Amino acid sequence: MRSGTRAGIRKCRRVLVKIGSQVLTTERGLNNRVIERLCDDMSLLMDRGREFALVTSGAIAEGRAIMRVKEADISLSKKQALAAIGQGSLMRAYTDAFRRYGYTAAQILITREDLDNRRRYLNIRNTLSSLFEMGAVPIINENDTVAVEEIQFTDNDMLSAMILPLVEAHVLVILTDMEGVYSKDPKIHDDAEIVHEIAELRPKDIRGYGDGGNRLGRGGIASKLEAAYRASMLGVPTVIASAYTPQVISSILEGSQVGTFIHPKKKAQLTQKDHWLGFVSRPKGKVVIDDGAAAMILGRGKSLLPVGVVDVSGSFKAGDPVEIVKRDGTPIAVGLSNFATEEVVKIMGASTSELSMILRYDCDDEVVHRNNMIVRKETF
Ligand code: GLU
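What follows is the structure, encoded as structure tokens:
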């Protein structure tokens with residue numbers, strides 16, 4: 010079902026569409042014309058069997074317009090209050106626009122912490138799958154009102170990339186106020202052009218592309234490409250295009266050359282679990298290992314055994330994600346620990362045959378099993 014080419018997108022049934030604040034709102038509030046046009050386009054496509062989930066920004070911008078807050082620099086608590094004010098009208102605009110075609114919109118507000126916790130993460134997947142079964146359109150935004158600053162999503166582009174495996178979408182469409190990704194910054198270079206295809210997006214190339222857009226939401230072109238990179242690692246293509254192009258979603262799904270198409274990675278794609286470990290989870294602690302263990306992990310694809318552990322920090326339970334670092338602090342992998350911090354303290358340096366004696370129960374041999382580990386070079 011996933012497609013590696015523009016034409017292959019025609020076969021994609023489920024689509025995740027991310028729409029940014031700059032296209033959804035004006036200074037006077039929500040741009041209902043844009044919302045209605047996009048919902049018309051999606052509704053007609055749903056009539057023909059496509060499924061959509063949306064990641065939408067615009068709550069804070071709409072809250073600003075309602076409360077006539079003009080100043081750019083406002084406190085986090087004020088932003089959170091404005092999100093609480095704006096989210097209702099944002100949702101009503103989608104609900105009304107889809108209802109004209111007999112479709113139902115469903116609100117999902119999530120925080121970074123919800124995705125960080127593997128149980129809650131998987132639970133969101135179940136909810137989404139029930140919504141698709143009912144034929145509803147999940148409309149997702151960050152739960153800005155309760156999100157704590159240090160652990161907010163950087164922006165809704167990142168939220169889309171993290172939620173993608175949960176939506177089980179076959180293609181990611183990022184709609185913005187630009188025609189696509191520019192070869193360089195069009196504000197500085199007259200000869201900047203739209204790049205129609207990026208065959209292999211590498212993290213180190215992301216900063217080289219240009220951003221021609223305005224700033225209202227949080228993300229720029231770099232974060233859109235970062236989201237596209239994470240999607241590509243899952244084997245999912247991304248199209249970045251302008252929300253102002255008439256019937257933009259249908260054109261993309263017909264395989265037309267609209268916006269920028271970022272190819273999915275063909276080989277060595279990540280499983281959903283590895284994607285979560287590498288891009289979503291935040292490690293609860295660090296396990297420092299010796300050079301021998303690092304060589305086993307990096308060179309021979311082995312698990313991490315207690316004998317290779319030299320230090321441990323943080324506070325984690327069995328099953329929590331931990332970062333595996335070398336003595337000089339270089340991160341080499343992330344994985345799910347089979348032990349809690351205090352158990353690792355007791356068994357570090359010990360050989361496999363000593364473990365059950367030290368812990369006084371029949372335990373696993375590995376601190377982190379290879380199947381629950383992702384090596385850093387596989388993500389960045
Ligand atoms: N969640 C924010 C809002 O709805 C937008 C975040 C972003 O611009 O990426 O207003």
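For the numbering used here, count along the sequence shown from 1 and bump the result up by 9.
A virtual CB, placed ideally from N, CA and C, is assigned to each residue, including glycine.
Predicted model, so just to flag it, every value in this text is computed and none were measured.
When the Cα atoms are used, what is the spatial distance from residue i to residue j?
i, j, result
"D371", "S362", "11 Å"
"F394", "I119", "Nothing in the structure corresponds to residue 394, since the chain is present only between 10 and 389."
"E2", "L47", "One cannot answer for residue 2 here, as it falls past the ends of the chain, which runs 10 to 389."
"M10", "D123", "With a pLDDT of 43 at M10, under the threshold of 50, the predicted position of this residue should be treated as unreliable, though the coordinate-derived value follows. If I take the Cα positions, the gap works out to 28 Å."
"A236", "S365", "44 Å"
"D337", "H284", "26 Å"
"R224", "P195", "Model confidence at R224 stands at a pLDDT of 48, short of 50, so the residue's coordinates are unreliable and nothing is read from them."
"A145", "I333", "41 Å"
"L262", "D50", "11 Å"
"N40", "P330", "42 Å"
"H378", "S30", "42 Å"
"E375", "N135", "31 Å"
"V24", "L181", "6 Å"
"G217", "D153", "31 Å"
"G13", "F61", "19 Å"
"V26", "D299", "45 Å"
"P212", "M167", "14 Å"
"K88", "V319", "44 Å"
"G58", "S192", "35 Å"
"M100", "R109", "15 Å"
"E36", "E142", "37 Å"
"K384", "V343", "The sequence given here places Val at residue 384; Lys does not occur at that position. Looking at the two C-alpha atoms, the distance is approximately 7 Å."
"N380", "V354", "23 Å"
"L234", "E188", "14 Å"
"I230", "P315", "43 Å"
"K335", "F288", "20 Å"
"A74", "L85", "17 Å"
"K274", "V190", "19 Å"
"V297", "R129", "29 Å"
So what does residue i bridge to, in DSSP terms?
i, result
"A114", "V146"
"T361", "Paired residues: none, contrary to the question."
"D320", "V297"
"S346", "V377"
"I383", "V343"
"F270", "E206 and V248"
"E60", "R23"
"I119", "E151"
"P330", "L345"
"K335", "I298"
"L181", "L25 and T247"
"L313", "V377"
"T65", "I28"
"G38", "T35"
Just checking my contact of residue i with residue j at CB under 8 Å: how many whole Å lie between their CB atoms?
i, j, result
"T163", "S232", "6 Å"
"V43", "L54", "Not quite, the Cβ-Cβ distance comes to about 17 Å (not below 8 Å), so this is no contact."
"S251", "T185", "7 Å"
"A156", "R121", "7 Å"
"P292", "H272", "Not a contact, Cβ separation roughly 30 Å."
"L368", "E352", "6 Å"
"G268", "V248", "5 Å"
For the ligand GLU, is there a heavy atom less than 7 Å away from the beta-carbon of residue i?
i, result
"A92", "yes"
"E151", "yes"
"G29", "yes"
"D164", "yes"
"I69", "yes"
"S66", "yes"
Taking only beta-carbon atoms, is residue i less than 8 Å away from chain C?
i, result
"Y218", "The structure shown has no chain C; it contains just one protein chain."
Is the segment 173 to 187 touching the segment 94 to 107 in the sense that three or more CB pairs, one from each, lie closer than 8 Å? Contact fails: fewer than three Cβ-Cβ distances are below 8 Å.
Would the segment 109 to 117 and the segment 138 to 149 be scored as touching if the rule is three or more Cβ pairs under 8 Å? Enough Cβ pairs lie closer than 8 Å, so yes.
Give a yes or no on contact between the segment 305 to 312 and the segment 274 to 281, applying the rule of three or more CB pairs nearer than 8 Å. Between the segment 305 to 312 and the segment 274 to 281 there are fewer than three C-beta pairs closer than 8 Å, too few to call the two in contact.
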